[in-house]
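Working notes, beginning with the structure itself.
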Amino acid sequence: MSKQFDVIVIGGGPGGYIAAIRAAQLGFGVACIDEWKNDKGGPAPGGTCTNVGCIPSKALLQSSEHFEHANHHFADHGISARDVKMDVAKMVGRKDAVVKQNNDGILYLFKKNKVSFFHGRGSFVKAVDGGYEIKVSGAAEEILTAKQVIVATGSNARALPGVPFDEENILSNDGALRIGAVPKKLGLIGSGVIGLEMGSVWRRLGAEVTVLEGLPTFLGAVDEQIAKEAKKAFDKQGLKIELGAKVGEIKTGKAGVSVAWTNAKGEAQTLAVDKLIVSIGRVPNTTGLNAEGVGLKLDERGAIVVDDECRTSLPGVWAVGDVVRGPMLAHKAEEEGVAVAERIAGQHGHVNFNTVPWVIYTSPEIAWVGQTEQQLKSAGRAYKAGTFPFLANGRARALGDTTGMVKFLADAATDEILGVHIVGPMASELISEAVVAMEFRASAEDIARICHAHPSLSEATKEAALAVDKRTLNF
Ligand code: FAD
Ligand code: NAI
Numbered sequence: 004m005s006k007q008f009d010v011i012v013i014g015g016g017p018g019g020y021i022a023a024i025r026a027a028q029l030g031f032g033v034a035c036i037d038e039w040k041n042d043k044g045g046p047a048p049g050g051t052c053t054n055v056g057c058i059p060s061k062a063l064l065q066s067s068e069h070f071e072h073a074n075h076h077f078a079d080h081g082i083s084a085r086d087v088k089m090d091v092a093k094m095v096g097r098k099d100a101v102v103k104q105n106n107d108g109i110l111y112l113f114k115k116n117k118v119s120f121f122h123g124r125g126s127f128v129k130a131v132d133g134g135y136e137i138k139v140s141g142a143a144e145e146i147l148t149a150k151q152v153i154v155a156t157g158s159n160a161r162a163l164p165g166v167p168f169d170e171e172n173i174l175s176n177d178g179a180l181r182i183g184a185v186p187k188k189l190g191l192i193g194s195g196v197i198g199l200e201m202g203s204v205w206r207r208l209g210a211e212v213t214v215l216e217g218l219p220t221f222l223g224a225v226d227e228q229i230a231k232e233a234k235k236a237f238d239k240q241g242l243k244i245e246l247g248a249k250v251g252e253i254k255t256g257k258a259g260v261s262v263a264w265t266n267a268k269g270e271a272q273t274l275a276v277d278k279l280i281v282s283i284g285r286v287p288n289t290t291g292l293n294a295e296g297v298g299l300k301l302d303e304r305g306a307i308v309v310d311d312e313c314r315t316s317l318p319g320v321w322a323v324g325d326v327v328r329g330p331m332l333a334h335k336a337e338e339e340g341v342a343v344a345e346r347i348a349g350q351h352g353h354v355n356f357n358t359v360p361w362v363i364y365t366s367p368e369i370a371w372v373g374q375t376e377q378q379l380k381s382a383g384r385a386y387k388a389g390t391f392p393f394l395a396n397g398r399a400r401a402l403g404d405t406t407g408m409v410k411f412l413a414d415a416a417t418d419e420i421l422g423v424h425i426v427g428p429m430a431s432e433l434i435s436e437a438v439v440a441m442e443f444r445a446s447a448e449d450i451a452r453i454c455h456a457h458p459s460l461s462e463a464t465k466e467a468a469l470a471v472d473k474r475t476l477n478f
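Heads up: the sequence shown begins at 4 in our numbering, then just goes up one per residue.
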């Protein structure tokens, strides 16, 4: 006997669990299937984000930042802290506890919203009666049916060809979050988001970190001026980033990992490290879904093909998050999940891809929304730019963190905000004002005229908006 639902969600990451909750709020009978297991074999919903992504990485970033402050910045405040030690096992234990709180939180939310949770792998069996039969393979096997299916099966780390992750020496994001002792030397391939965040954690704790980046430019997707400023800060911190690096043979042994590589000048080099994190992007995951069996169309990257509204090639089947096109971000997955649930209910769910913010949680933080200066130039769009440095912001001085700036880009004729780029303290929080402004299609002048609390970092946002019209008040 199959169990009948209105909506079945396969995958309980930010895309899937949020879609399930929203669909239940709209009155549907909802099942959510997720296969992630905790270390005791029990359910651990929340996906990559909760288990081996956003949440644990931010927990380690926080712990390592405290350590860095105690070692290098407390003295500026007159606090002497001698013999500061990091208990890595305790730090990792705290991170695991934070993850568990989030797993448990999602299980509670499922109960609260009457979402039926199934622990196991979900796969398509066949189309039936205007809907689909889905098999759950877990401790027991069950068959569920529903007219609407939302696939939110996420992504996996991409390995270098011929160099599989062993999570001992060659680490994906999973192993990178479980390193048990500070490596003396740590190597990373790829200076993208994970490379910079994980590199920062272990550098702060004392590892000598080298990042090999294939491209000749640093953070190519980030506004050039902001990327340059961030690179200066990382160089100063001692994070060694080699651009234009061509990675060759990788050998592992008792002594660790040896990476043969060629530098930007074409000179052969060898990097010997205790551990190597490979962070060269992620690939959409449809393993075990039996997508082919039911004719669910995938593209050449293995992503499920969807239209602008997350409809797949099969009627009644939707897909959201990392398994489809677009940025691989938790909040993008969530927005798509909500929009799909609302579309199933006949509402007009909407995601504005132009206002999806990006944040890199390094120190300084990097955050942006909308278009970069180089994108506007290549599109031939007439724009005005305004920047304001944190050096001239009273709160940043009081915090003792004056690195970076806020940058506004606005249309030359209408003054509409086209992009906001921040490198500096709390950029992750400051960017929200820019997102709201852009959602309401505000002008730079609108932000410049809004009263911002003093002293606050957000005054740098207001001043950058004033700078668009060349009338900063404090610089
Ligand atoms: P996932 O979170 O990958 O969830 C998919 C779930 O589906 C998993 O639980 C998986 O086990 C399950 N599943 C897969 N197939 C099946 C099946 N057949 N049956 C049952 N279950 C299945 N994004 C941010 O926005 N901010 C950050 O700070 C951030 N930090 C990150 C740090 C790291 C180290 C990494 C790796 C990623 C980070 N991300 C961050 C990206 C973010 O984690 C992803 O964009 C997000 O998790 C995607 O959500 P999703 O629901 O599409 O997929
Ligand atoms: P990424 O796409 O951010 O960066 C990968 C980097 O590796 C790029 O700079 C690329 O040029 C480089 N690269 C690719 N192949 C290479 C090779 N063979 N040799 C050397 N360099 C090579 O991918 P990353 O860091 O793995 O993260 C995956 C995704 O996870 C991110 O794109 C993002 O979507 C998400 N994420 C988001 C975070 C956040 O929002 N704060 C944090 C961490 C991850």
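No residue lacks a Cβ here, since even glycine has one placed at the ideal position from N, Cα and C.
Computed from a prediction, not measured in an experiment: that's the story for all the values here.
Under the criterion of a Cβ to heavy atom distance below 6 Å, does LEU174 qualify as lining ligand 2?
Numbered from its first residue, the sequence shown carries residue 174 at position 171. LEU174: no, Cβ never under 6 Å from ligand 2.
Tell me which same chain residues have a C-beta within less than 6 Å of the C-beta of ALA62, skipping the five on either side of it?
Mapped onto the sequence shown, residue 62 falls at position 59. The residues are LYS98, VAL101.
Would you say ASN105 and ILE153 are within 7 Å of each other, going by their C-beta atoms?
One-based indexing of the sequence shown puts residue 105 at position 102. One-based indexing of the sequence shown puts residue 153 at position 150. Taking 7 Å as the Cβ cut-off, ASN105 and ILE153 do not qualify as a contacting pair.
Measure how close the beta-carbons of LYS278 and VAL260 come, nearest whole angstrom, since I'm counting them as under 8 Å.
Translated into the one-based positions of the sequence shown, residue 278 becomes position 275. Translated into the one-based positions of the sequence shown, residue 260 becomes position 257. Between VAL260 and LYS278 the Cβ distance is about 7 Å, and since that is below 8 Å, they are a contact.
Determine whether the beta carbon atoms of ALA440 and ILE420 lie at a separation below 7 Å.
Position 437 of the sequence shown, counted from the first residue, corresponds to residue 440. Position 417 of the sequence shown, counted from the first residue, corresponds to residue 420. Yes, the pair counts as a contact, with Cβ atoms nearer than the cut-off.
Return the Cβ separation of LEU412 and GLY422 in integer angstroms, given the expectation that the two are a contact with Cβ distance under 8 Å.
Your numbering for residue 412 matches position 409 in the sequence shown. Your numbering for residue 422 matches position 419 in the sequence shown. Contact flag correct, Cβ pair sits at about 4 Å.
LEU301 by DSSP, collapsed to three states: which one?
Counted from its first residue, the sequence shown places residue 301 at position 298. Strand, per DSSP.
Use the C-beta contact count for PRO164: other C-beta atoms within 10 angstroms, 16 or more gives buried, fewer gives exposed.
As a position in the sequence shown, residue 164 is number 161, starting the count at 1. Exposed.
Quick one: Cα of VAL262 to Cα of ALA23, how far?
Numbered from its first residue, the sequence shown carries residue 262 at position 259. Numbered from its first residue, the sequence shown carries residue 23 at position 20. Cα to Cα, VAL262 sits roughly 44 Å from ALA23.
What is the rounded straight-line gap between the Cα of ALA258 and the Cα of PHE393?
As a working mapping, residue 258 is identified with position 255 in the sequence shown. As a working mapping, residue 393 is identified with position 390 in the sequence shown. Taking the straight line joining both Cα atoms gives about 44 Å.
Would you say the beta carbon of LEU218 comes nearer than 6 Å to a heavy atom of ligand 2?
Stepping through the sequence shown from its first residue, residue 218 is reached at position 215. It does: the Cβ of LEU218 is within 6 Å (strictly closer) of some heavy atom of ligand 2.
Just to confirm, does MET331 get its C-beta within under 6 Å of one of the non-hydrogen atoms of ligand 2?
Position 328 of the sequence shown, counting from 1, holds the residue named residue 331. MET331 Cβ: within cutoff of ligand 2.
When the distance is taken between beta carbons, is SER126 closer than 7 Å to LEU292?
Your numbering for residue 292 matches position 289 in the sequence shown. Your numbering for residue 126 matches position 123 in the sequence shown. Closer than 7 Å, so yes.
Rounded to the nearest angstrom, what separates ALA401 and ASP79 at their Cα positions?
Taking the first residue of the sequence shown as 1, we reach residue 401 at position 398. Taking the first residue of the sequence shown as 1, we reach residue 79 at position 76. Near 11 Å, if we compare the C-alpha coordinates of ASP79 and ALA401.
Tell me whether the beta-carbon of LEU191 lies closer than 7 Å to the beta-carbon of ILE283.
Indexing the sequence shown from 1 puts residue 191 at position 188. Indexing the sequence shown from 1 puts residue 283 at position 280. Between LEU191 and ILE283, the C-beta gap is not smaller than 7 Å, which leaves the two residues out of contact.
So, are the CB atoms of VAL185 and LEU222 less than 7 Å apart?
Here residue 185 refers to the residue found at position 182 when the sequence shown is read from its first residue. Here residue 222 refers to the residue found at position 219 when the sequence shown is read from its first residue. Contact flag unset, no.
Within 10 angstroms of its Cβ, does ASN355 collect 16 or more other Cβ (buried), or is it exposed?
Within the sequence shown, the letter at position 352 stands for residue 355. Per the 10 Å Cβ criterion, exposed.
Below 7 Å CB to CB, which residues in the same chain sit around ASN288 once its five sequence neighbours on both sides are set aside?
As a first step, residue 288 is located in the sequence shown; it is residue number 285 there, counting from the start. Counting only Cβ-Cβ distances below 7 Å, and skipping sequence neighbours, we find THR156, GLY157, SER158, ASN159, VAL326.
Could you check whether the Cβ of ASP238 sits closer than 6 Å to any heavy atom belonging to ligand 1?
Along the sequence shown, read from residue 1 onward, the residue named residue 238 stands at position 235. ASP238: no, Cβ never under 6 Å from ligand 1.
I'd like the span of the beta strand (DSSP E) that includes ARG285, first residue to last.
Along the sequence shown, read from residue 1 onward, the residue named residue 285 stands at position 282. Its beta strand (DSSP E) spans residues 285 to 287.
So what's VAL196 in DSSP terms, helix, strand or just coil?
Walking along the sequence shown from the start, residue 196 turns up at place 193. VAL196 falls in the helix class under three-state DSSP.
By a C-beta neighbour count over all protein chains shown, 10 Å radius and 16 as the cutoff for buried, is CYS454 buried or exposed?
The sequence position of residue 454 within the sequence shown is 451, counting from 1. Flag for CYS454 reads exposed.
Would you say the beta carbon of GLU145 is closer than 6 Å to some non-hydrogen atom of ligand 1?
As a position in the sequence shown, residue 145 is number 142, starting the count at 1. False, no ligand heavy atom lies under 6 Å from that Cβ.
Could you compute how far the alpha carbon of HIS457 sits from the alpha carbon of ARG398?
Mapped onto the sequence shown, residue 457 falls at position 454. Mapped onto the sequence shown, residue 398 falls at position 395. In a straight line, the C-alpha of HIS457 is about 8 Å away from that of ARG398.
Hey, out of LYS115, ALA142, GLY56, LYS239, whose CA is closest to VAL33's CA?
Here residue 33 refers to the residue found at position 30 of the sequence shown. Nearest C-alpha to VAL33: LYS115.
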